[in-house]
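Heads up: the sequence shown begins at 736 in the numbering used here, then just goes up one per residue.
All C-beta atoms in this analysis are idealised placements derived from N, C-alpha and C, irrespective of residue type, glycine included.
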Amino acid sequence: MISLPLVYTILALVAYTSSFWYLFIRLMSKRTPNLWCYGLLVSLGLLLHGVVLYQDMMTPMGINYDVFNLISFTSGLMLTLSLILSLIRPVLPLNLIGTPVAAFGLILGFVYSKPNQFIELHSLGLDLHIILSLSAYAVLLMATIHAVLLWFQDRELKKKQKKRIWVNLLPPFQVMESLLFDLIITGFGLLTAALLFGFFTIDNFFAQHLAHKTAFSIISWFLYGALLIGHYKFGWRGLKAIRFTITGFILLAIGFIGSKFVLEMILGR
């Protein structure tokens, strides 16, 4: 017998796939996508994604903070923010990357999440720390995807390729670069707030196996901070900004996903 969560997951993937191909075909044929049509398809996928995630995360014993649930949550939140951003900035093509990322996160969460990872009791401060952390990861994931697309654009411009896929699909390089720093500023602010709440609400980092996560998060915070200072004081941009952005997120992902993966999947804690 097919379970409802499986049905919801399949329907969400159908909505994600349909929205992706609709947007891709429209952009490749140089026709303006209907934002309402695309938005409704993605919103349906996100709604079903949220239903599946709610059933996985909300348990009678507490909230299931399994690593794969968090990947699913972050990818869905990232696509939600990307869709909202598309309503106010001309960056709809960015969803060509965001939609597959959300679909992949949904599959990981549904297939691999475990029902025995949860937090029974937690304070308001810890809840805020978790929400701010996930929001920071989602925004900085968007920034990283943005940086990768900028790298593709930069490559096509410098090599003077005849078929410039990303140059033609995406907004001008300067517009994309401006949005990249807007995303980094937002993500940096959320990460700062998350770290502050963590320091004030978590009693023992070593007993709770948070030392590695905290160390990588702080290093990443310094990298993003250095990039912002370098950009506004010394004019850093282009490939240097792209490298800083990607490196910062890799460190953040190692601390966030890597630590939880090792503890839950390898050490069984």
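Go ahead and label residue i buried or exposed: buried means 16 or more other beta carbons lie within 10 angstroms of its beta carbon, across all protein chains shown.
i	result
residue 756	exposed
residue 750	buried
residue 907	exposed
residue 855	The predicted position of residue 855 is uncertain, since its pLDDT is 49 and thus under 50; no value can be drawn from it.
residue 793	exposed
CA-CA distance, residue i and residue j?
i	j	result
residue 924	residue 991	17 Å
residue 834	residue 799	24 Å
residue 971	residue 891	21 Å
residue 871	residue 865	10 Å
residue 909	residue 795	50 Å
residue 715	residue 780	Because the chain in this structure spans residues 736 to 1004, residue 715 falls outside the shown range and cannot be described.
residue 790	residue 904	37 Å
residue 762	residue 826	12 Å
For residue i, which option in the options has the closest C-alpha, if you only look at C-alpha atoms?
i	options	result
residue 845	982, 787, 928 and 952	787
residue 947	989, 982 and 879	989
residue 741	817, 764, 766 and 842	842
residue 874	904, 936 and 916	916
residue 879	780, 752, 977 and 764	977
residue 933	987, 863 and 910	863
residue 876	779, 918 and 957	918
residue 980	969, 967, 955 and 968	955
residue 765	962, 861, 900 and 921	900
residue 868	778, 987 and 837	987
residue 962	952, 975 and 953	975
residue 958	889, 966, 973 and 983	983
residue 967	888, 828 and 913	913
residue 830	817, 898, 838 and 812	817
residue 886	973, 985 and 776	973
residue 985	953, 969, 965 and 964	953
Going along the chain, which residues of its own chain have a beta-carbon closer than 6 Å to the beta-carbon of residue i, five neighbours each way excluded?
i	result
residue 941	Since pLDDT at residue 941 reaches only 45, below the 50 mark, its modelled position is unreliable, and no value is offered.
Leaving out five residues on either side along the sequence, give the residues of the same chain with a beta carbon under 7 Å from the beta carbon of residue i.
i	result
residue 743	783, 786 and 787
Keeping to the same chain, check which residues put their C-beta closer than 8 Å to that of residue i; ignore five residues upstream and five downstream.
i	result
residue 733	Because the chain is modelled from 736 through 1004, residue 733 falls outside the range shown and cannot be assessed.
Quick check: does the Cβ of residue i come within less than 7 Å of any heavy atom belonging to the ligand MN?
i	result
residue 768	With respect to the ligand MN, the structure shown offers nothing to examine, as it has no ligands at all.
### Query
Any chance the region 770-781 sits against the region 822-836, with 3 or more Cβ pairs inside 8 Å?
yes
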